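Chains as they are written, first to last, in the numbering used here: chain A, 656 to 1635; chain B, 15 to 103.
Think of the CB as a built atom: it goes at the ideal place given N, C-alpha and C, for glycine as much as any other residue.
Just so it is clear, the structure is predicted and the values come from calculations on it, not from any experiment.
Structure first, then comments.
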């Protein structure tokens, strides 16, 4: 297929490398250096998309990231990326591209019907519709809107690509590789600063690339060579700076392989650079504005500067007969470029009444320049076919053409400066906002601060780069603010409410027209924040790059106030869309969160344990034998523990070594219990409160020596408890001589519980007399087991005779195996967290976070006995004295028996009485008890302790269940088995 | 990504730190002597200023020390930091 719209020569493309690509299933050819947009234009293909709301046929208007219309999907299946701007897609051999938002095809889109129904869809129509009938929302409107909305389709398979991330520091980050950016980078590096320069394009040079190749003095090549040779400079092409965060922390996304036909597996698809720059030079250029006139959105109507770019940079003629519409001088450059390339210019409609120098020159050169004239209408369905121009005297003429180049002036790209909290000031001279004074960390250079003319922007960049480097080495340097000059001469006139019939588009991507803005103002939305959100102008993926200033101009005309008085909405990152992949990097799947494995994890896994997540830990939940269900496994494990013995990995519990002359004093101040009189070799069940009196954590605390305590915490609470202890120690009790060490991972904890537990450990444990008299319940001894260090606790969370062996973690597997072997003949069974939960519930032992929720006092859960009454103060004590903390109707821990149901209650179920449906409390834990042969539950019920024997109800979807309030201790209330 | 100036380690990214609430709120010497209103003020009332705010921070993933810092709640920038026990600047 011939490229009928290529210039015979010229452009920065490599005509010796021909590339094949497909667009909507049709095959085309292009050259290396093309974008998808330029290659399609070379074939005369202008129709590239359908607009969001009205499904109007659209073509490219721009040549860069500001393109609002030509959104395409590149790639297929899981590699597909939707909503890419065809103007930024680098062509490669085999590229597959699809247009979006059309069915069944671009040329014949059924969505075009909504264009006919346009009067039904003005701004904010969704605030006034879809309300009746009420059932219609769920079944009709929402599914339809979901289906119709959006532009592209996200892939529905997991992303197979790899994304990398880097953190770098530099002295000066230069954003933008155009003339001022290159000059800034060179100046900064010559001053000795380490420089990173990034540019979103594949080649560095910015606007220099858009002028005819060969007419340039060679400055670009020389500068690039110097930069590439400097060891202080890192050049990043294809890299967009998408956001500035606190203190010059800048996010860059580098597109590493999207332009490669065969990426291979060694490279990431994208690379996220997180740069901490001491100074940033913003050299981001300026983006051209469209004109607002009825029908300004047809394919073939494009920005004048961009049309010139297609001609000069890509060697593409965007049409065969052009009309130029302008309110500034830039369009005249394009007129000359068109003429030189053999594209006849039928007319130049200049909105300005006075002729500028450029207009006069064009007239003298033979162009039909009409002053005070503007376009009031266009025609053509899939391509513009003609425009209607109204002259200064009111006379109208329809001119046939297939190309309209429009220019409304240029808007400096100030996003990053604004994100860095830089102040902007409105420059009437160029009709846009520019950076006001430099910020402490950022300077702007070149067209983005209103400077124009090649020599001037280069000089401005040099100055900015030098300044940035100086600031790195010395205290703050400043410059006097520069007066902004309009690009290419006389200032542009700002957009006005257009004349003529038909819709004049302001925001192309979101299909917002000047009528929508007028309607918003009419309805009272006069704040710029409201107009933006009500009309959605500036809210599409192009973030209003070509529409924001025009919207302000329309508001200014409609409200009769100056643009600076209207204000600006906030510039937010990302500058252009960033993939989730780049931000996620390697933190996906199994690497999203670290997985913490307990010392006996491998043994449990080999035994076929089913695991559950307890914060970041994997804990064995139950050990099914054969084809057991969870219910069966848990019943068997429970019976084994109560009848013979069970072995359990309790290693995830937090452990803190509290050491020092004031260790006991410290623990007394932190916990509710007394500790000074706790004898060496004894343990105590500690309860930790918050200062507001509510239970925060619990755990057994053992006294190893006069000055040394082994404190345990819940699994999830370990880091929090240590943090709280450190807080009080460092900032409140700094006079105490205590040191805290986290030992959670140092000690593995092997629990051996059950009537046979002593028998099993007898002979394995060395240097400790474990007879009942020598080692009573709640005592601890130091010794050895299997030759390894041992802290043996006689504690029980099951209510049976039991021990917890604290051994060094790396020794745990072989010690466990030894116990397992010894216990085989005695009926030792492995049990998991589910059984652990059931057994403790049978004894009424609470679990912090299950029975408690941060609003529960010790008395609420029957732990008043733990409070050391003689202590004058401890964390939370004062709060317990509040009347509300002793109110009789507070929720209290009770047990529940089902009256007739044989199924366990549901945790979280509410509890009511016969008097009404008001909730008295809820079920906190519920299990089937194999020991008792029936369901049991723990619950928090208002005034629970006064309700013993009372029958209450648990409302469930199938009806109310009757429950009886009982003691929370279901099994062995005297504790006989504990003290065996 | 805020840089927080730890007086022991220098400026480090905010990810390494935990916030510790308003600074300069000493736990009463004798809580039993306070009435409920005064105790409630200690537990819950904070200055919540718009502008410079003296706060406690802990360098959790660093030296582990608590320190004080003055941060502007409008601009989110840290003005100065000082060690526990040093005079308030």
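Closer than 9 angstroms to chain A by CB, residue i
{"i": "residue 84(B)", "result": "no"}
{"i": "residue 32(B)", "result": "yes"}
{"i": "residue 65(B)", "result": "no"}
{"i": "residue 41(B)", "result": "yes"}
{"i": "residue 48(B)", "result": "yes"}
{"i": "residue 74(B)", "result": "yes"}
Under 9 angstroms by beta carbon: chain A residues contacting residue i
{"i": "residue 53(B)", "result": "1533, 1534, 1536 and 1537"}
{"i": "residue 70(B)", "result": "1382 and 1386"}
{"i": "residue 16(B)", "result": "900, 901, 902 and 904"}
Within-9 angstroms CB hit, residue i to chain B
{"i": "residue 901(A)", "result": "yes"}
{"i": "residue 1011(A)", "result": "no"}
{"i": "residue 820(A)", "result": "no"}
{"i": "residue 1076(A)", "result": "yes"}
{"i": "residue 1436(A)", "result": "no"}
{"i": "residue 934(A)", "result": "no"}
{"i": "residue 1288(A)", "result": "no"}
{"i": "residue 1378(A)", "result": "yes"}
{"i": "residue 926(A)", "result": "no"}
{"i": "residue 931(A)", "result": "yes"}
Interface residues of chain A facing residue i [CB-CB closer than 8 angstroms]
{"i": "residue 78(B)", "result": "1381"}
{"i": "residue 45(B)", "result": "1528, 1532 and 1533"}
{"i": "residue 98(B)", "result": "1385, 1386 and 1389"}
Local Cβ density within 10 Å of residue i, reported as buried at 16 or more and exposed below that
{"i": "residue 917(A)", "result": "exposed"}
{"i": "residue 707(A)", "result": "buried"}
{"i": "residue 1241(A)", "result": "exposed"}
{"i": "residue 936(A)", "result": "buried"}
{"i": "residue 1081(A)", "result": "buried"}
{"i": "residue 1442(A)", "result": "exposed"}
{"i": "residue 1245(A)", "result": "exposed"}
{"i": "residue 824(A)", "result": "exposed"}
{"i": "residue 1216(A)", "result": "exposed"}
{"i": "residue 1158(A)", "result": "buried"}
{"i": "residue 1070(A)", "result": "buried"}
{"i": "residue 737(A)", "result": "buried"}
{"i": "residue 44(B)", "result": "exposed"}
{"i": "residue 58(B)", "result": "exposed"}
Contacts that residue i makes with chain A (C-beta to C-beta distance below 7 angstroms)
{"i": "residue 90(B)", "result": "901"}
Contact list for residue i against chain B, beta-carbon separation under 7 angstroms
{"i": "residue 1317(A)", "result": "Neighbours of residue 1317(A) on chain B: none; closest Cβ ~17 angstroms, over 7 angstroms."}
{"i": "residue 1346(A)", "result": "57"}
Original post:
Pairing CB atoms from the stretch 1157–1173 of chain A with CB atoms from the stretch 1190–1204 of chain A, are three or more of them under 8 angstroms?
Top reply: yes
Original post:
Quick one: complete beta strand (DSSP E) runs, 3+ long, within the stretch 1521–1574 of chain A?
Top reply: Restricting attention to beta strand (DSSP E) runs no shorter than 3 residues, the stretch 1521–1574 of chain A encloses them at 1546–1553, ordered along the chain.
Subject >> Cβ contact (3+ pairs, closer than 8 angstroms) linking the stretch 1103–1111 of chain A and the stretch 944–955 of chain A >> reply: no
**OP:** Take every Cβ of the stretch 1473–1484 of chain A, pair it with every Cβ of the stretch 1290–1301 of chain A, and state whether three or more of those distances are shorter than 8 angstroms.
**Re:** yes
Original post:
Would the stretch 833–841 of chain A and the stretch 796–809 of chain A be scored as touching if the rule is three or more Cβ pairs under 8 angstroms?
Top reply: no
**OP:** Identify every run of the beta strand (DSSP E) within the stretch 857–923 of chain A, keeping only runs that are complete inside it and at least 3 residues long; order them along the chain.
**Re:** Here the runs fully enclosed are 888–891, 894–900 and 904–910.
Subject >> Segments assigned alpha helix (DSSP H), at least 4 residues, entirely inside the stretch 941–1010 of chain A >> reply: Whole alpha helix (DSSP H) segments, 4+ residues: 959–969 and 985–996.
Subject >> Touch test, the stretch 1053–1068 of chain A against the stretch 974–989 of chain A, Cβ-Cβ under 8 angstroms, three pairs minimum >> reply: yes
Original post:
Counting only runs that start and end within the stretch 1269–1293 of chain A, where is the alpha helix (DSSP H) found for 4 or more residues in a row?
Top reply: none
**OP:** For the stretch 1304–1324 of chain A and the stretch 1392–1412 of chain A, state whether three or more C-beta atom pairs, one from each stretch, are separated by less than 8 angstroms.
**Re:** yes
Original post:
Are at least three pairs of beta-carbons, each pair with one atom in the stretch 1558–1578 of chain A and one in the stretch 1526–1542 of chain A, less than 8 angstroms apart?
Top reply: no
Original post:
Counting pairs of Cβ atoms below 8 angstroms between the stretch 1074–1090 of chain A and the stretch 1003–1017 of chain A, do you hit three or more?
Top reply: no
**OP:** Inspect the CB distances between the stretch 997–1008 of chain A and the stretch 691–709 of chain A and report whether three or more fall short of 8 angstroms.
**Re:** no
Subject >> Every unbroken beta strand (DSSP E) within the stretch 1343–1429 of chain A, with a cutoff of 3 residues, ordered by chain >> reply: Listed in chain order, the complete beta strand (DSSP E) runs (minimum 3 residues) inside the stretch 1343–1429 of chain A are 1350–1360, 1363–1368, 1394–1397 and 1402–1408.
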